[in-house]
Amino acid sequence: MSEPLLEARGLTKRFPGVVALNAVNFAARAGEVHALMGENGAGKSTLIKCLTGVYPRDEGEVTLGSRVIHPRSPREAEAAGISTVYQEVNLIPDLSVAENICLGRQSTTFGLLRWGAMRTRARAALARLGLTLDVSLPLTSYSIAIQQLVALARAIDVAAKVLILDEPTSSLDEREVAELFAIVRRLRDEGMAVIFVTHFLDQVYEIADRITVLRNGQLIGEFPVAALPRLQLVARMMGRDVKEIEAMDHRPAAAPRSGEAPPVLAVRGFGRRASVKPVELAVHAGEVLGFAGLLGSGRTELARLLFGIDQADCGTLEIDGRPATVRSPQAALARRFGFTPEDRKTAGILPNLTVRENLIVALQVRRGLWKRIPRVEQDALVAKFVAALGIKTSGPEQLIKNLSGGNQQKVILSRWLATEPRLLILDEPTRGIDVGAQADIERLIAKFRDEGLAVIFICSETAELARNSQRILVLRDRAKVAELSGAAVCEESIIHAIAGGASPPAGPAGP
Amino acid sequence: QTPKKLVVGFSQIGAESGWRTANTDSIKAEAAKRGIDLKFADAQQKQENQIKALRSFIAQGVDVIAFSPVVETGWEPVLREIKAAGIPVVLSDRAVKVSDPSLFVTIIGSDFVEEGRRAGEWLARKTGGKAVIAELVGTPGSAPAIDRKKGFEEALAKNPGMKIVKSQSGNFTRAEGKQVMEAFLKAPDAKDITALFAHNDDMALGAIQAIEEAGLKPGKDIVIVSIDGVKGAFEAMVAGKLNCTVECNPQIGPQLFDLIEKVAAGQKVPARVAVKEGVFDETQAAAELPHRTY
Amino acid sequence: MKFRVPAQLIPLAASAAVLVLLYAGGCLAFDGFTSPRVVINLFGDNAFVGVAAVGATFVILSGGIDLSVGAVVALTTISVAALLGHGVPPLAAVLLVLAGGAAFGAFLGFIIHWFELPPFLITLGGMFLARGLGFMVHPESLGITHPFYGETVGGLAIPVAHVTTASGRVQTLTLPFTAQCFLAVVLVASVAAKWTRFGRNVYAIGSSESSARLMGVPVGKTKILVYTLAGFLSALGGVVATFYMQSGNPASFVGLELDAIAAVVIGGTLLRGGVGFISGTLVGVLILGIIQTLINFKGDLNTWWTKIAIGGLLLVFIMLQQALSRRRRE
Amino acid sequence: MSVVLPLVLWIALAAGLCFSRRSVVFWPLLALALLLLFNQLFTPGFFHVEIRGGHLYGTLIDILNQGAKVMLLALGMTLVIATGGVDLSVGAIMAIAGAVLAQRFVGAGWSPGLAIVAALALSVVAGAWNGLLVAVLRIQPIVATLILMVAGRGIAQLITDGQIITFENPTLVYLGNGFLLGLPFTLTLVLVMLALTAVLTRRTALGLFVEAVGDNETASHFTGLPARQVKFLAYVFAGFCAGLAGLVAASNIKCADSNHAGLYLELDAILAVVIGGTALTGGRFYLAGSMIGALLIQTLTQTLYMRNVSADIAPVPKAIVILAVCLLQSPKLRERLARLGGGRKRRAGA
Ligand SMILES: Nc1ncnc2c1ncn2[C@@H]1O[C@H](COP(=O)(O)OP(=O)(O)OP(=O)(O)O)[C@@H](O)[C@H]1O
Ligand SMILES: Nc1ncnc2c1ncn2[C@@H]1O[C@H](COP(=O)(O)OP(=O)(O)OP(=O)(O)O)[C@@H](O)[C@H]1O
Ligand SMILES: [Mg+2]
Ligand SMILES: [Mg+2]
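Residue numbers (this note's numbering), protein chains in the order written: chain A, 2 to 512; chain B, 82 to 375; chain C, 454 to 783; chain D, 51 to 400.
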């Protein structure tokens, strides 16, 4: 076993109300991919931020090589040879892609930037990930997934000794993950230490050499991958018995749809210029309709259209078989629709408000300005959902921005569930969520579906999509290319349809 | 054939007080009466705006430029430019400090120092040279505030029995005049105050309210003298609440355009023309009030 | 590849279009508006606002705001006048106040960064401080009579055009030194904003401070530097104002910061930071200037109609800009 | 009286400080207490309160009465700032309200009640105009309200024809000068408006909506929250509050002075709100904090008057107080101090 390259001993970090890290030891070795695993809120991101000088650590020591280091900022960490991609996309929205990749390391002549060189370098960095973009466009003109790739391109564009990736793959599709892993392997073989955080177990077993597990800020242990089978890993992360976990894996089977009630929502020839080509779809009470497609295939845009965030410019929409319009989120809410956006940070949470307020806001909007939900009822609701979804928070009055990503997502889900919706549109609800919580959410979806909720489920994980959906709508280039139902709802046919092979028999939407 | 209409550019300071509005009205009315094409620009109390206005007068090719300067300094460059363009300049109301006196032809207006001096002298006569005075100063840094204070203090210097115990700016406004006077009256030594000197009538009128609210009789318990001579001041004098106002006459329109026409015609004019002004106290107020138009 | 105006350039282009429209309108409506004097005055008369506004642009790009501009300009003018009055050589006086302005800005920036306080409040405090200090330096306006000002600076003007005056004399029009300073500052600042690391860091911080920190941008250093630069440029604006008026006055330039901010925003820079151009500020300053020129040429507005007209033109302008940028984005 | 009232004041302050120990309001309150303490010790006559003319009379009473304008403005401003905006036009709206009041009453011969209603109605219209520009046309708030800030004062002067219009009507004069139960009527007005605002925001969902919009507009929009309407309402309310402040200001000096009414008061209002703990970026708001902020500013003004600090250098102490309050409030400073103190303790314990 080689010597540790980056090593932390006795690292402790306290936040008001939480001990995010409690005397954690951690060691990454050169030429090795080291996975950092744990549930939401276990302290993975905090560990990374302590290592790279974002947070000052309360106690502990960090060594790089044989040297003790005290980075006070990511800049110093990078100078010392640690390159990091932090969780969530942390780039500059208004700057161009090229600048985002080169910011802080631009080459200059006589103190002046060389824009041409910068663009070339950015294009090259993106090409390593198999991506061709117009690098002079501002970052915001690209989707979250592209942004995540840009962040990765930025991280690997620098010669570092240690590369840290905090959930870099949460928005990526298989092909992109494959490209990324090829690069990671190459870097590892060149002698770099790679630290990798993810909630995708498959990816861990595909790429990692060693795993460190954290739980509630405690170090659970460090294991070679071979010594830690999947179930063991999950058990360690969750702090349960392997038996318990095995029991958990039994998903409730999807109940077949009964009755011939009109669909909760049906659209025909529904689309928007330069955004989504006219589509036809119907979703019934008690079923989950999945949207499959590659990045940028238009799933999010279709969802926004259905929820009234963007307005359709053609086609008709029916609710319960009657013509209707949904021209704003307000109207959608009044129709008892719900929508959890994929971009949690900018479109989901109200960062400086409390968990309680974030949770009740949609219900409050539905009740109207004058009928304030009494505090007792609010507290009861919060208590109910915190318990039901297992939201980890120090209390209902905690600011939501201080929750880990997964727990934020659960709060937003609760926000809509509290309104007792008839149709729930979930855009990547399990992105960045740990296995336990993911199972929770999947179980909840099934439960509410069985109670008569109609669900539209967008997810880039085909397996997950297949597992949870009754029917699947496949989109490619912003147009509907197939609809799968019954036995066709399986990973193979989804991938087949996405890839654009001869589509399997796809029945037209609607009754 | 009709003679070409005289074009005059006038840059006014603003409309910061009733006095100033009356001044503007007088100038506009007189120009209209004489059939002069008046280019009027309001500077919103900013010197930089005035300079811009003067420059645009050059571009418009006016025959004569007149203006009431916001402050005394800072005119040298633009006046030189005007001179280069061959346009004569008449100052109204306030003076400017320039190294070259040929940069303007003449000035018509009041002498702020003299006004302050007259107020002080009147107060000395009224109180027999013994007074404990509170002073409401104008806007800090403004020419009237500086000069009126100077003149007033000159008059006091001759009367050792008179001293200023409180002095604070009321910004030439009623609201602040009242607020500052309220504060003056709450000091432990407020009982000693026997007189008030306000740099303009508006502040005096505000202060009168504060004095009344304190249960004192303005004009009796505290002798009040102010400057400007607006209508409200005369009304207050008639009501016995104000004792004296030193006139600063805003209605200079006729005199101003007499001068301008002479200047335009190339005639010789005196370097300084004083405005007809008086000092009015309670005894004359009732007789004068009907003649007050502003 | 299809040609397309980059989205970020649209507001700037719209502002420039409006500027041209306003100028053309003035030429049609008024005699004498076509005179080259009008254009020269536009640059010369607005030079000090412009210089200060460039500083404000950096601050706004970085996501902050600077309310101390007017007070610092006033403090600078009176300080220069007082220093010259005490026999300090002009160049030394100018250098001294520039250093003072930079130090003042650095002080504000330091507090804003170090204690994580809102720039609005701290620079408001700075405004009061500078205003009071100005009156402490000298409580009333002071003329500057030093020959350096009259002759040396005056001699730096560049002849650009000839006009015939009403009396038939041919006169040479010059671009005053103040305007040259303004244009030079715009040029240097544009380069600094677009072509230096510092400039790009400013944009990055304004767009997303937390991301910028994680990406290794020296946030604290950049922020302090931005306010230092703003203080320096405010002081330079003050120096330009002394060239312009040859006097100092502690009570002057009240509300100049709002003019500066308005110019920046009209120039297409977003107040939230991260988006905008220095050249936009140039356009913004010229638009505010031309609005005033139009009112002066109109020549019959009294105080209140002047105010209403300024407000109205500002509104018309903003609507036009919005309409143009919306049309172009479609 | 002279002993009782200050005593009551100090007890109330101490209680307030204890009560708000964990809240944002603590720091501005502490600053106010410190400033008052300074005056108690060093400014003779500051705490002197007596009964004169059947009502309380003294500097403390002046602070309440003169502070009322900024307190009223700050109420509306708090909501506007909480939505992530700012309203620079409130000073101009004050001038408009005063101008309408005086012109309708004196010029048009309306009854005082009608004149008041007209003034408030026009203020609401002015607020709605701002709301329109910000919420519907999506113009940046600073620029949008700058328009009315410039033009509004012109409109006020247009209404009064540039003159100062004076009035003596007892009803109108009572607004800004009257006393109710020995205390200034303006205090009652402020308390009623404060209670009204508190009920409006905390007993309905308006407060939550305002905070949500200010915190993250996109997310609010996505939850179906009527973000535009909420913003619009905030500006209308700020207009109404400014109208009330304008009435008080005009009544206080028994005339409409369009050129000076409310001049630069928008800055004081913003300052009061921010000192009170509401962030300029929007989100959480603190009505009580804003009131304390306004009182702090007025106390400071009164202190400068009482101590005869010359008006031209008065900005310096004002700046020092602002910076001091900011530093007091800065969590960063406390964090740094705590780390220093904590480090020492730990070392001492070890
Ligand atoms: N800035 C902060 N202030 C207060 N508490 C924080 C802060 N950042 C993190 N925490 C808390 O620290 C704990 C660890 O959070 P962390 O983000 O490290 O979890 P994680 O393992 O990365 O989770 P996820 O998988 O959801 O990203 C959580 O309880 C979180 O609420
Ligand atoms: N590879 C790409 N190149 C350029 N633009 C892209 C690319 N991928 C996505 N986009 C842009 O991002 C927008 C977002 O598409 P949308 O979010 O609807 O896709 P999606 O299927 O939901 O994918 P995602 O997984 O990113 O959410 C698209 O309209 C497109 O403009
Ligand atoms: Mg994390
Ligand atoms: Mg998507």
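We put the CB at the ideal spot given by N, CA and C, even for glycine.
Quantities reported herein were computed from a predicted structural model and do not represent experimental measurements.
Q249 of chain B has a beta carbon lying at 8 angstroms or more from every beta carbon in chain C.
Counting C-beta atoms within 10 angstroms of its own C-beta, A482 of chain C has fewer than 16 neighbours from the protein chains shown and is therefore classed as exposed. Within the region 612-667 of chain C, the runs of beta strand (DSSP E) at least 3 residues long that lie entirely inside it are, in chain order, 623-628. The residue among A:A236, A:R211 and A:M239 with its C-alpha nearest the C-alpha of A227 of chain A is A:R211. Here I575 of chain C carries a helix assignment [DSSP, helix/strand/coil]. For M193 of chain A, the three-state secondary structure derived from DSSP is coil.
In the structure shown, S468 of chain C falls within a helical segment according to DSSP collapsed to helix, strand and coil. Within chain B, no residue has its beta carbon less than 9 angstroms from that of K368 of chain D; the closest one is some 14 angstroms off.
Around K50 of chain A, the same chain offers Y56 and Y87 as residues with beta carbons nearer than 8 angstroms, after the five sequence neighbours per side are excluded. Under the 8 angstroms criterion on CB atoms, E385 of chain D is classed as non-interfacial with respect to chain A.
Looking at D:A64, D:F155, D:I205 and D:A165, the one whose alpha-carbon comes closest to that of I763 of chain C is D:I205. A contact is defined here as three or more CB-CB pairs under 8 angstroms, and the region 204-221 of chain D meets this definition with respect to the region 91-104 of chain B. When the beta-carbon positions are compared, V151 of chain A and I184 of chain A stay at least 8 angstroms from each other.
Considering only beta carbons, the part of the region 206-217 of chain D lying closer than 9 angstroms to chain B consists of Q207, D211, G212, Q213, I214 and T216, in chain order. Ligand 1 has no heavy atom closer than 7 angstroms to the beta-carbon of K346 of chain A. Rounded to the nearest angstrom, the Cβ distance from G141 of chain D to L315 of chain D is 5 angstroms, consistent with a contact under 8 angstroms. Under the DSSP assignment, F193 of chain B falls in the alpha helix (DSSP H) whose first and last residues are F193 to T208.
Comparing alpha carbon positions, the residue from B:P269, B:K349, B:A288 and B:I303 closest to I214 of chain B is B:I303. Fewer than three pairs of CB atoms, one per stretch, sit closer than 8 angstroms, so the region 661-671 of chain C makes no contact with the region 491-501 of chain C.
Ligand 3 approaches S405 of chain A closely enough that one of its heavy atoms is under 7 angstroms from the residue's Cβ.
Neighbours of Q190 of chain D across chain C, judged by C-beta separation under 7 angstroms: V718 and L724. The Cβ of G157 of chain D sits no closer than 8 angstroms to any Cβ of chain B. Within 9 angstroms of the CB of A333 of chain A, the CB atoms of chain D belong to G274, in sequence order along the chain.
Counting only Cβ-Cβ distances below 7 angstroms, V152 of chain B has contacts in chain C at S594 and N702, in chain order.
Contact annotation: in the region 154-171 of chain B, residues whose CB is within less than 7 angstroms of a CB in chain C are T154, G155, E157, P158, A165, A166 and G167. By DSSP's assignment, C305 of chain D forms a beta bridge with D:T216. Annotated as proximal: I743 of chain C and G479 of chain C, with beta-carbon spacing under 8 angstroms. The beta carbons of L536 of chain C and L549 of chain C sit about 7 angstroms from each other, so the pair counts as a contact at 8 angstroms. In this structure, the C-beta of S46 of chain A approaches ligand 1 to less than 7 angstroms from one of its heavy atoms.
Take the alpha-carbon of N89 of chain D and the one of N252 of chain B: they are about 25 angstroms apart.
With a 10 Å radius around the Cβ and a threshold of 16 neighbouring Cβ atoms, R155 of chain A comes out buried. Chain order gives no chain D residues near T374 of chain B, where near means a beta carbon separation below 8 angstroms; the closest approach is about 11 angstroms. A Cβ of chain D is located within less than 8 angstroms of the beta carbon of N353 of chain A.
Approximately 5 angstroms separates the beta-carbon atoms of G90 of chain B and I146 of chain B; this is inside 8 angstroms, confirming the contact. Straight-line measurement puts the Cα of L7 of chain A at about 51 angstroms from the Cα of R278 of chain D.
Interface residue (Cβ-Cβ distance to chain D less than 8 angstroms): W757 of chain C is classified as such.
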